[in-house]
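Numbering (the UniProt record's numbering), first residue to last: 1 to 518. Here is the structure we will look at.
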Amino acid sequence: MQDSQQILIFDTTLRDGEQSPGIALNTAEKLEIAHQLSRLGVDVIEAGFPITSPGDAAAVRAIAEQVEGPIIAGLARTHSADIDTAWESVRYSAKPRIHTFISTSDIHITHQLQTTREDVLGQAKAAVFHARSLCDDVEFSPMDATRADVEFTAQVCEVAIQEGATTINVPDTVGYTTPAEFEAYLARLYELTPGLRDVVLSVHCHNDLGLAVANSVAGAMAGARQIECAINGIGERAGNAALEEIVMLLHTRGDAYGGLHTNCVTEEIAKTSRLVSRLTGYAVQPNKAVVGRNAFAHESGIHQDGVLKERTTYEIMDARTIGLDANSLVLGKHSGRHALADALSQLGYKVEGQALNQAFKRFKEIADRKKQVTAMDLEALVTDEIRHDEEGFSLEGFSATTAGDISPTASVRLKLPDGSVVDGEASGDGTFDALFQAIANASGYAPALREFRVDAVTAGEDALGETSVVIDLDGATGAGQAVATDVVEAAAKAYVRALSNAVRRSKTPMTTDMKGTP
Ligand code: KIV
Ligand code: ZN
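Encoded structure:
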């Protein structure tokens, strides 16, 4: 039961977040994130936009079938086919929700939808009516509301409420509003929409001007009791409001916001952030609030001195509150399968059967090279296994000469999606260049490399290497990541995954004309 100051956290990492360029999560990856969001204690998971592709619909359905706890929502335009497809995907959840939307701003109505206000009103009415005939929990969003006439938006919201919408979500679709303006807008919306007090008001803010979190909590001060946000703030363009910032802001400074609070398990924040970053390939900037690598680091002598004497001199949050102490777990090279399964279950992963055998094999490979395998290593390893892509390319073998040679060369063996095995060779400006060229040659594609990053999973000379590759294939962006003790191997695997994602993205058929998508 929601108390009067509780903010429901509606996570849209798998829908709006997944719309970020280059992100192409497969069903297994989406499921892993959804399970982790459930452990984090979010109230709603927006699992996808089922009409956009059969793959998206299947992933939403798998989440609805397998993830317990949160409400599972599917997005739909006002078209009947969208709503039916969303329902077919979410109906397997114990708590399904259909989220339907249409723009109320004249800019969108005129230029994008190319219709009239009257038609928008009619579409909203029919869509909510239809959605409610299928599902008891229906959310309606007047898209681009903050640039729309508030009186017209109120009219549309009132109709949606009359037709049975249970949540009205006000989106700042292009990150245009400001905190004071948004509060005033919502206050006016309450005045103009008699039914709004009987439903949950929600806000959905984008970060184009860096105000997504500030606007979201301003919305809560105006009466919203649901905030839509995404892990690490990913999403269209500059992204959505960052979930971890909203949750920790209310956790740390709820006193400044009249006691507003969430039911999230803050200790799961750091782990969720790492999982999303790894699976999406979107690195977290080092100085990012709450989850950045430096968020709890102290560089200057004065600060270090203060924190050593008393942590609160320069820290307003305790790193343990977001789960940054979960690193104490360590396994040695002689640890057996049971110890590994135990350690993985302490980290929240239930790994059994063939998956455990595979994890154990990889653990042994790492343990042979590293003195101690830490929780962070295990987490990286398990995430790496989840990334396994049955429909894409896979690396069967490779060799590469070092960049110290006059002209580095590489050769690779690649398994194609149709199961055939091909070889490729190339020379390049450096080892990685030669390797990436060899993979591209073997695959028959010619993508352009956009980004290549190498990080260490933990500190220390024997740390696991984590690589991230972003490529562009005829306008389709693909990101891939991998972890290995050898960074050249990790780079090759990450490139192959990026290629699989880019090819999948460039081929994904849109099942309908997507005019009017957010
Ligand atoms: O930004 C937006 O307007 C959206 C809606 C679908 C809620 O993502
Ligand atoms: Zn959005």
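Cβ atoms here follow ideal geometry from the backbone N, Cα and C, with glycine treated the same way. Given the structure is predicted, the values throughout are model-derived calculations rather than measurements.
* Asked: Beta carbon of Asp11: closer than 8 Å to some heavy atom of the ligand KIV?
  -> no
* Where do the N-terminal and C-terminal ends of the alpha helix (DSSP H) with Gly221 fall, by residue? -> Before going on, a small fix: residue 221 reads as Met here, not Gly. That run of the alpha helix (DSSP H) goes 212-221.
* Asked: What does a CB cutoff of less than 7 Å around Arg293 pick up in its chain, not counting 5 residues either side in sequence?
  -> Pro286
* To do: Give the straight-line distance between the Cα atoms of Tyr257 and Met221, rounded to the nearest whole angstrom.
  => 7 Å
* Mind checking whether Leu211 and Gly254 have CB atoms under 9 Å apart? -> With contacts defined as CB atoms closer than 9 Å, Leu211 and Gly254 fail to qualify as a contacting pair.
* Own chain residues within Cβ distance below 8 Å of Ala359, not counting five before or after -> Leu340, Leu344, Val351, Leu381, Val382, Glu385
* Can we count Thr166 as close to the ligand KIV, meaning its CB is less than 8 Å from some heavy atom? -> no
* Asked: So the beta strand (DSSP E) residue 542 belongs to, where does it begin and stop?
  -> Past the boundaries of the shown model lies residue 542; the chain is included only from 1 to 518, so the question cannot be answered.
* Asked: Where Phe182 and Ala218 are concerned, what is the direct C-alpha to C-alpha distance, given to the nearest angstrom?
  -> C-alpha separation (whole angstroms): 7 Å.
* For Ser93, name the three-state secondary structure that DSSP assigns. => coil
* Asked: So is Asp513 buried or exposed if we call it buried at 16+ other beta carbons inside 10 Å?
  -> At Asp513, the pLDDT of 48 sits below 50, so the modelled position is not reliable and the matter cannot be decided from this model.
* Asked: Considering Ser443, what are the terminal residues of the alpha helix (DSSP H) in which it resides?
  -> 431-443
* Asked: For Ile23, which residues of its own chain have a beta-carbon under 6 Å away from its beta-carbon, when the five flanking residues on both sides are left out?
  -> Thr280
* Cβ of Ile228 within 8 Å of any heavy atom in the ligand KIV? -> In the sequence as displayed, the identity of residue 228 is Glu instead of Ile. The nearest non-hydrogen atom of the ligand KIV is less than 8 Å from the C-beta of Glu228.
* **Asn232 Cβ short of 8 Å to the ligand ZN heavy atom set** => no
* May I have the straight-line CA-CA distance separating Ile179 from Ala214, to the nearest angstrom? => Here residue 179 is Pro; the residue named in the question, Ile, does not match the sequence. Looking at the two C-alpha atoms, the distance is approximately 6 Å.
* Asked: Candidates Lys333, Gly348, Arg147: which alpha carbon is nearest Val373's?
  -> Nearest to Val373 by alpha-carbon distance, out of Lys333, Gly348, Arg147, is Lys333.
* Spatial neighbours of Phe10 in its chain, beta-carbon cut-off 6 Å, leaving aside the 5 residues before and after -> Val44, Gln226, Glu228
* Asked: With C-beta atoms as the reference, is Ala124 less than 9 Å away from His99?
  -> no
* **Limits of the alpha helix (DSSP H) - the one that Glu191 falls within** => First-last of the alpha helix (DSSP H) with Glu191: 179-192.
* Nearest-angstrom Cα distance between Pro509 and Glu18? -> At Pro509, the pLDDT of 48 sits below 50, so the modelled position is not reliable and the matter cannot be decided from this model.
* Asked: At what residues does the beta strand (DSSP E) containing Ala10 begin and finish?
  -> Reading off the sequence, residue 10 comes out as Phe, not Ala. Unbroken beta strand (DSSP E) run through Phe10: 8-11.
* Asked: By Cβ distance below 8 Å, which residues in the same chain neighbour Leu324 in space, the five residues on each side in sequence not counted?
  -> Ala270, Phe296
* To do: Identify, in the order they occur along the chain, each residue of the same chain with its Cβ nearer than 6 Å to the Cβ of Pro21, setting aside the five sequence neighbours on each side.
  => Thr477
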